[in-house]
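In terms of this note's numbering, the sequence shown has 125 at position 98, counting the first letter as 1, and numbering is strictly consecutive.
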Amino acid sequence: MFLGVFDFTFVVWILIGAVSVLIVLGAIEWFKDAGIVMTWWKWLIATIWYIIVLMGLAAPFTLMGEGESAAGWKLLIFSVPVLVILAFIVLRILRIGKTKA
């Protein structure tokens with residue numbers, strides 16, 4: 028009705044949720060193909076890492092959107108290498124007890 032009044036930010040969260048579902052479904056198939064046996068604690072570690080990734084990418088872009096571009100870029104430059112290092116650590120943990128294919 029009044030497009031200038033209505034807030035469409037909920038669409039971003041719907042898209043993030045839909046993409047997250049696709050990522051989880053893809054991860055399940057990837058774990059099966061890679062021969063990685065997933066236990067409850069491995070799922071917990073993977074879930075915590077995914078939440079950290081979402082927050083680690085949302086925070087810099089929120090800063091940029093609020094007009095703090097310099098702080099956003101600094102946080103992004105700092106957080107991306109940390110997230111990549113954490114990804115390798117999580118992958119090493121997930122490969123514990125991997126079935127031999």
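Just so you know, even glycine gets a beta-carbon here, dropped at the ideal spot from N, CA and C.
- Between Lys69 and Leu110 the beta-carbon gap is near 19 Å, outside 8 Å, which marks them as no contact.
- The shortest C-alpha to C-alpha distance from Leu90 to any of Leu84, Gly99, Ile63 is the one to Gly99.
- Between the alpha carbons of Arg119 and Leu113 lies a distance of about 10 Å.
- In this structure Trp57 is exposed. Its beta-carbon is surrounded by fewer than 16 other beta-carbon atoms within 10 angstroms.
- One thing to note: Ile43 has its Cβ no nearer than 8 Å to the Cβ of Lys125.
- For Ile63, the three-state secondary structure derived from DSSP is coil.
- Relative to the Cα of Phe115, the nearest Cα in the group Ile72, Val39, Met82 belongs to Ile72.
- With fewer than 16 other Cβ atoms from the protein chains shown falling within 10 Å of its own Cβ, Pro108 counts as exposed.
- Scanning the stretch 34-59 for uninterrupted beta strand (DSSP E) segments of 3 residues or longer gives nothing; none is fully contained.
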